[in-house]
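As structure tokens, the structure follows; a few thoughts come after it.
2 protein chains.
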Amino acid sequence: MVTQKHLEKILERLEQAETLDGLQTASVTLRDTLDVGHIAYHWVDSAGDQYGCGTYSIAWQERYLDKNYLRIDPVVIGCYQRFHPVDWKRLDWSSKAARAFLSESIEYGLGNQGYSVPIRGPNGQFALFSVNHSCSDEAWADFTELHRRDLILIAHYFNEKALEFEPERTPEQSQALSPREVDALTLLAIGYSRAQVANTLAISEHTLRVYIESARFKLGALNTTHAVARALSRGLIVV
Amino acid sequence: MVTQKHLEKILERLEQAETLDGLQTASVTLRDTLDVGHIAYHWVDSAGDQYGCGTYSIAWQERYLDKNYLRIDPVVIGCYQRFHPVDWKRLDWSSKAARAFLSESIEYGLGNQGYSVPIRGPNGQFALFSVNHSCSDEAWADFTELHRRDLILIAHYFNEKALEFEPERTPEQSQALSPREVDALTLLAIGYSRAQVANTLAISEHTLRVYIESARFKLGALNTTHAVARALSRGLIVV
DNA sequence: CCTGCCCTCGCTATTTCTGGGGAGTTGATA
DNA sequence: TATCAACTCCCCAGAAATAGCGAGGGCAGG
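These protein sequences, in sequence, are chains A and B. Going left to right, the first sequence walks through residues 3 to 241 as my numbering numbers them. Going left to right, the second sequence walks through residues 3 to 241 as my numbering numbers them.
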């Protein structure tokens, strides 16, 4: 049983971690505090880069990366589509690949029970915080029921730290767009053609072109699609 | 001061909400329990649809929608780029539009302090949970420091409910893209022309076109720019 | 007062994208 | 084994976007 005090201690420890190694040792402590088989944090972006951290054996981690299990892991696939934390039993294990993956994971020391919290950050960043254990269904249901909130918080703090250590998220302060440029790019981003945008904004198509061009210039973009993509990923427009 | 018991009660109440109206009344209770000026939940999806819920005045909500303040609200823009909860003071209020927005919001009854938790769901769903109050900087710093964890949890539960009531994001709407489609859209998003993309991927331009078309179809996009924008905001590609 | 930025409009020519067809190979899944 | 999804290639005509040259009025800050 994890008390409020335990939780505070765990979160503080996570907050104080200063390196990825620190997160690694914190996760061992976390596993012992929660008294479960394994805990794991798994970070992935749409470019396919991964970072893992937790108490799984090195052999399993290597196997996972080597075989590119990311693509077939029902935990990853299932969590990617939902917001809610989920018990592994409720995921789709019907495919042959999934069942093979499951039995292999058990060979590598994973337990029969699992619970994962999906977390998302800016720019398509996606991470999973998972707890893994070996016990009966009833005991596991009790555990997850009891610790659901704690796990959400821990997942959040874990991800916060992982993001902090990842220099990927370069803010890249860019020049602000004028209101009309924002209008133009926004409408283009929702699929309007130039003629439609011009019509919507009640300006000539040529004027619109000037906006798009100046936005392209400000954003250092090579074409309209590029400009829209940059404006989106820099948060200058919201679609 | 909100005790652990208060928090549990709030979360339970949120869990038990069965309609959007239920969330609305829960948010009033929540505001009173936290003893702040306002609380607000603001949901946005990649199609540009919005849903708001909270204790802001109807007049302000209408004004916000009417003027499309979503596009200039520094809270939305700032939170869209980060994972961490953030104090409104730390956002970028330098633009003229932002300052006008701020003073107008105060006219409509908002306080001078604010704190927002960004939350993300599948398919580019993005939401904000905000607390707003009128007090000194020191008092606010104490409040946010003390309640940071609670606010994260409350935000999470709020979003969970809001997603539950919004059947918009059905799994079928989130067609996954094939690897080649991801390649194509990614390269387009960084400004390559079709000829360049085809060359980079070492395929014919016609083949590339097939990918773009099928990606457009899967994403329900009207043209290439739209497809790239949707893929970006749903986190299917990263630039 | 001038400089710079924002907003507005016009023309022509070229390049690029889109939409309509069709066809064959893999590989995994059922 | 059959089916489906993904991947690859081809033609053509019309629609749309880009590049190049212009122009002028308004509004703010140095």
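Ideal Cβ placement from N, Cα and C applies to all residues, glycine included.
Alpha-carbon to alpha-carbon, W45/B and Y110/B: 21 Å
Suppose you measure from the CA of A191/A to the CA of S235/A; what does that come to, to the nearest Å? 12 Å
What are the residues in the stretch 226–238 of chain B lying within 7 Å of chain A by C-beta distance? T226, T227, H228, V230, A231, L234, S235, G237 and L238
C-beta contact flag for Y82/B and P124/A at 8 Å: Yes, the Cβ-Cβ distance between Y82/B and P124/A is below 8 Å.
Per-residue contacts from S195/A into chain B (C-beta, under 9 Å): L224 and N225
How is N70/A classed by DSSP in three states: helix, strand or coil? coil
Name the chain B residues whose beta carbon is nearer than 7 Å to that of N125/A? V240
Taking only three categories from DSSP, how would you classify F167/A? The answer is helix: DSSP assigns F167/A an H, G or I state.
Run through DSSP, which three-state label would T31/A get? If DSSP states are grouped into helix, strand and coil, T31/A belongs with the helices.
Provide the residue(s) that pair with Q115/B in DSSP beta bridges, ordered along the chain. When beta bridges are read from the DSSP output, Q115/B appears opposite H135/B.
Residues of chain A with CB under 8 Å from Y82/B, in chain order? P124, G237 and V240
Interface flag, A102/A vs chain B, CB-CB below 8 Å: no
Would you kindly check if the distance between the Cβ of A42/A and the Cβ of S97/B is under 8 Å? no
Counting pairs of beta carbons, one from the stretch 57–71 of chain B and one from the stretch 212–229 of chain A, are three or more of them closer than 8 Å? Flag = no, the stretch 57–71 of chain B and the stretch 212–229 of chain A do not touch.
Taking the straight line between their C-alpha atoms, what separation do you get for S206/A and E215/A? 14 Å
Given Y58/B, which residues of its chain have a CB within under 6 Å of its CB, disregarding the five upstream and five downstream residues? H40 and A42
Between V184/A and I108/A, is the Cβ-Cβ spacing less than 8 Å? Pairing V184/A with I108/A gives a Cβ-Cβ distance that is not under 8 Å.
Tell me the residue span of the beta strand (DSSP E) that contains V240/A. It is not in any beta strand (DSSP E) - V240/A carries neither H nor E in the DSSP assignment.
Taking the alpha carbon of H135/A as the point to measure from, which residue in V230/A, D37/A, I121/A and I12/A has its own alpha carbon closest? Looking from the CA of H135/A, the closest CA among V230/A, D37/A, I121/A and I12/A belongs to D37/A.
Would you tell me roughly how many angstroms separate the C-alpha atoms of G113/B and I74/B, rounded to the nearest one? 19 Å
If you drop the 5 nearest sequence neighbours on each side, which residues of the same chain put their C-beta closer than 7 Å to that of V199/A? Excluding residues within five positions, the ones whose Cβ falls inside 7 Å are A186, L189, L190 and L210.
With DSSP as the reference, identify every bridge partner of Q52/B, one or two as the case may be. Answer is V46/B.
For P251/B, does the count of other Cβ atoms within 10 angstroms reach 16, so buried, or fall short, so exposed? For chain B, the structure presents residues 3 to 241; residue 251/B sits outside this window and is missing.
Are V230/A and A231/B touching if we call contact CB-CB under 8 Å? yes
Amino acids of chain B, ordered along the chain, whose beta-carbon sits closer than 7 Å to that of L155/A: R151, I154 and L155
Endpoints, alpha helix (DSSP H) assigned at S105/A: Here the alpha helix (DSSP H) through S105/A covers K98 to E109.
Which residues bound the alpha helix (DSSP H) around Q83/B? Unbroken run through Q83/B: none, as it is neither H nor E.
Using a Cβ-Cβ distance cut-off of 8 Å, determine whether T172/A contacts chain B. At T172/A the pLDDT is 44, less than 50, meaning the model places this residue with poor confidence; the figure from the coordinates comes in the next sentence. Cβ-Cβ to chain B under 8 Å: no for T172/A.
Inter-residue Cα distance where the pair is D242/A and Q127/A: Lying before the first or after the last residue shown, residue 242/A is absent from chain A, which here runs from 3 to 241.
Give the DSSP bridge partners of H40/B, in chain order. N134/B
Closest to F85/B by CA distance: which of N161/A, V78/A, A204/A and G193/A is it? Per the Cα distances, N161/A.
If I'm right that T227/A touches T226/B with Cβ under 8 Å, what's the distance once you round it to whole angstroms? 6 Å
Hey, out of A99/B, P87/B and T5/B, whose CA is closest to T146/B's CA? Out of A99/B, P87/B and T5/B, P87/B has the C-alpha closest to the C-alpha of T146/B.
Of the listed residues P76/A, R122/A and A99/A, nearest to I159/A (C-alpha basis): It should be noted that the sequence gives Tyr, not Ile, for residue 159/A. Considering only alpha carbons, the answer is R122/A.
Classify E174/B as buried or exposed, calling it buried when 16 or more other Cβ atoms lie within 10 Å of its own Cβ. Note that E174/B scores 42 on pLDDT, short of 50, meaning its location in the model is unreliable and no value can be drawn from it.
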